[in-house]
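Structure, as structure tokens:
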Amino acid sequence: MLLNKHVIRFSVIFGVLSWVLLLVVDLLILFGAINNISVGFQKEISAILLNLFFLSLYTFYTIKVVKAESINFIDLLWRVFVTGLLATIVSFAIRVFYMLLGDTSLAENVFIVNFFYHVNLGLIASFLLSTFIVWKRLILYQKTKALISRWKYFEYAILASIIFNLFGYNLYEDAPFYITLIILLIMGLVLSVNLKWVAYLNFKQKWKSILLITLTLLYLSYFFINLKSYSTEYSRILVTDLVNNLFVLAVFGFTFLYCIFSLLVILFNLPTSSVFEQKLEDVINFQRLSQSIQKGKTEQQVLEILLDSSSGAVLAEDAWIEIQGRDGKKTLLHSEKLDAEAIDEIKDAVKQTRIKNLLETDIYSIGNTNKLTATLKDTKYKSILLIPLIVQNRQVGIMGLLKDVLDGFNKEMTDIINTFANQACISIENFRLLNEAIENERYKEELKIASKVQKSLLPSSLVCNELFDISGFSESADEVGGDYYDTFQINEHKFVMVIGDVSGKGTSAAFNMSQMKGVFYSLVQLDLSPKDFMVHANAALSKCLEKTSFITLSYFVVDTKTRKIQFSRAGHCPTLFFDKSENQSFFLRNNGLGLGILRNDGYENHIQVNNLEYSCEDIIMLYTDGITEAKNEEGEEFGYNRLKEFLDENSHLDPGLIQENLILTLFDFVGGKSTYDDYTALIIKFK
Amino acid sequence: MIDISNNIEDDFLVISLDGEVDASSSIHLDKAIDEAVKNNHKKILVDGSKLSYISSAGLGVFMSYIQDFDSQGIKLILFGLSEKVKNVFQILGLDQLLKICESKEEAKQLF
């Protein structure tokens, strides 16, 4: 397959070759005619060479112009202009040369006249065909199927008209020649109304186009006159005369018509071009605003774009935006001539107008766009447009646009600014949501770490000896919980078991729980009585817990040698004790105030120590209120009675199995819904 | 999830609680008591007859004012608590620090 560059190369070679041959053949024919000898060439050969020359040029420009990447109209017109300029300069040079020759016989030499006519012919044909192809490109900008087919008919008809050259018709004598020319020109006229490209020129480009097309018109006129004068002056001696060439005349006529049409249309479009430009700019600004989020712009940049494009769109004198960031910080953006003080003055002036509510109340949506503009008094501005900025259904800021003329903002402007603001707010909203999502993700990660740390605060193994079995577990509703249990061995036969519940839930509860663990390990080693432990723990925690926080705790000291238990209860739910001898369990009720509630002296008056003896197969069950307060779907609590019944039924089992059954029973009771509270249990069974 | 209403009866301020006091609604309870203290009410009655549940956070609110009450000579009495809610106060031992009565009349007589 032939590549475009090959075609271009061939067409150039072919074109040059056919032109040179045309020149030689024409000169030989002339020589033959003058000397009355037959040179063996007919006029037809000259015509064929001329046609080949036209076709080469046509192919060359078709590829050069139509396939060019750029569809910049000014570039295209510039191309036409430059080709025309070159042709004109050469043509002028020929004129000057003639003038220098003056009246010498050389000037009248038929060979020289014909030679220069051929040079002109080549240049004019190049200019005409390049213009023709450029016009084709412009007409087919925004093409439709109908337009393409119409153009094709025209193009084929014009190309077909070169056949006329072979018959040597004369414009003024032969009707078919005449009629075909008129038909072609009418077709060209119909196509010349396709001037959509003009609308896409901006103001400056329109002026440039007018200039370039006017010059093209001048070239065309000059060339036509030039050809015409050759034709009349040297009609007898010209072997090839373009004025009698249907193809050339048709192309001349069409390019001329299109020049006139586009010139007029551009002129008439000049006054409205600023409106069109503005609309185009609005669309581009809108796109900038909507894409700003994808392009990784910051909130500040989005606002800058909003301020810029809004003041541009309504030709505002000055403008400002004030907005509250997610962190509550206020940002103020304003045009150069404004400052914070001036803005305050303007806001004071706004308070005297019908739109004062825009400044005062929280607005959730912009209802009536008519109520966004007002006339200002006592400021250098005369009208104002205020647009509330609403992000996540909350007014976060306001944009003010100012003009120094009365009623400077019409409905159209208000609407477009409203659209801009909406788009910017959506961008900001997305931006904020994205940040929130990232932050949440980070919190989740941190919670995971907190959860890990907290789980490590609960004992991984529990103390025990051959005289009792023990089992404990803790489940939290959130990632981190506030339940605590632990054990400690004081000596060979003395053990401490503790269970606690920190008020509140979640992270703050978890922090307090870690304090509880610290207090427990500091005091437990002192081998204190439960009461002393509680008094000291209360004193310590009173110093560390926040005002509304407290901790409930049950503290058990078990002596496996004497088989005695000493315990205190600081506000914690009463421990369940299973008495094997009576084969049923009961709650160990006594008085005791939670830790951290009474923060001055006197706590010792609110705590008791109880003593208990145990025997084989007795069970102590320590638990937190998450178990008794677990609710089923009807909102009923698990309660103390169910817990007691549960232990009675499961008392024959090992602590591990009791624990497993307890978890199953609880899950069964709450009916699969996630537990609301943390729940923890520590079960000890004596041997 | 809690409705709090204030009523002045003679020189008593009656704060009525309707609903549940959990971690989130305890903020409203805290606000109500804080206002009562700031407005210099010395005799405060808390009507808990419509209080269906109180969490540890709610107890924490009452607890946090105990010392303020002592130092400012304010007396706060709860009345009409359901068995369940009363039990929660008792388990924590708050009944040792705050007076809990059966009825409003009984409570008023304690001042």
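Residue numbers (my numbering), protein chains in the order written: chain E, 1344 to 2030; chain B, 56 to 166.
Even glycine gets a Cβ: it sits at the ideal position worked out from N, Cα and C.
All of these numbers come straight from a predicted model, not from anything done at the bench.
C-beta neighbour in chain E for residue i, strict 7 angstroms
i      : result
S119/B : yes
I146/B : yes
Q151/B : yes
I116/B : As written in the sequence, residue 116/B is Val, which differs from the Ile given in the question. Output row for V116/B: interface = yes.
A53/B  : Only positions 56 to 166 of chain B appear in the structure, and residue 53/B is not among them; the question remains open.
Sequence-distant residues of its chain with Cβ nearer than 6 angstroms to residue i (five each side left out)
i       : result
D58/B   : D73, G74
K1874/E : S1911, I1950, V1952
I99/B   : L68, A91, L131
T1696/E : A1717
R1775/E : R1669
R1631/E : I1648
D85/B   : V116
Cutoff 7 angstroms: residue i Cβ touching any chain B Cβ
i       : result
L1996/E : no
T1971/E : no
G2060/E : The first residue shown for chain E is 1344 and the last is 2030, placing residue 2060/E beyond what the model contains.
T1891/E : yes
C1916/E : yes
L1936/E : yes
I1940/E : yes
Reduced DSSP category for residue i - H, G, I as helix; E, B as strand; rest coil
i       : result
F1920/E : strand
Q151/B  : helix
P2035/E : The question about residue 2035/E has no answer here: the residues shown for chain E are numbered 1344 through 2030.
M1442/E : helix
I1792/E : helix
T1575/E : helix
L165/B  : coil
C1959/E : coil
M118/B  : helix
H1313/E : Since the first residue of chain E shown is 1344 and the last is 2030, residue 1313/E is not available in this structure.
Q1858/E : helix
G1937/E : coil
T1641/E : coil
T1720/E : Here residue 1720/E turns out to be Lys, not Thr, going by the sequence shown. Note: K1720/E maps to coil in three-state DSSP.
Y1827/E : strand
L1931/E : strand
V1581/E : For clarity, residue 1581/E is Leu in the given sequence; the question names Val instead. Coil at L1581/E, not helix or strand.
N1736/E : coil
H1349/E : helix
Cβ-based neighbour list, residue i, same chain, cut-off 8 angstroms, excluding 5 preceding and 5 following
i       : result
F1396/E : G1358, S1361, W1362, L1365, G1465, A1468
K1309/E : Because chain E here runs from 1344 to 2030, residue 1309/E falls outside it and cannot be looked at.
Beta-carbon contacts of residue i that lie in its chain and below 7 angstroms, excluding the five residues immediately before and after
i       : result
S1857/E : L1800
G1740/E : I1664, E1665, I1666, Q1667, L1732
H1836/E : D1902, T1903, K1904
K1539/E : Y1484, Q1485
Residue i, buried or exposed, once every other Cβ within 10 Å from all chains shown has been counted against 16
i       : result
P1998/E : buried
D2031/E : Nothing can be reported for residue 2031/E, as the shown portion of chain E is limited to 1344 through 2030.
H1915/E : buried
K1479/E : buried
Y1499/E : exposed
Q1735/E : exposed
Y2041/E : With chain E covering only 1344 through 2030, there is no way to say anything about residue 2041/E.
C1768/E : buried
D1721/E : exposed
G1945/E : exposed
Cβ of residue i within 7 angstroms of any chain C Cβ
i       : result
H1949/E : This model lacks chain C altogether; the protein chains it does include are E and B.
Members of the region 97–114 of chain B near chain E, C-beta cut-off 9 angstroms:
Listed by position, the residues of the region 97–114 of chain B near chain E (Cβ gap below 9 angstroms) are Y108, S110, S111, A112, L114.
Using a Cβ cut-off of 9 angstroms, which residues of the region 1826–1851 of chain E contact any Cβ in chain B, in chain order?
Answer set for the region 1826–1851 of chain E: D1844, V1845, S1846, G1847, K1848, G1849.
Quick one: which residues of the region 1874–1898 of chain E get their C-beta closer than 8 angstroms to a C-beta of chain B? List them in chain order.
Listed by position along the chain: K1890, T1891, S1892, F1893, T1895.
What are the residues of the region 121–141 of chain B that lie near chain E, defined by any Cβ-Cβ distance shorter than 9 angstroms?
For the region 121–141 of chain B, which is checked against every Cβ of chain E, the residues closer than 9 angstroms are I121, Q122, D125, K139.
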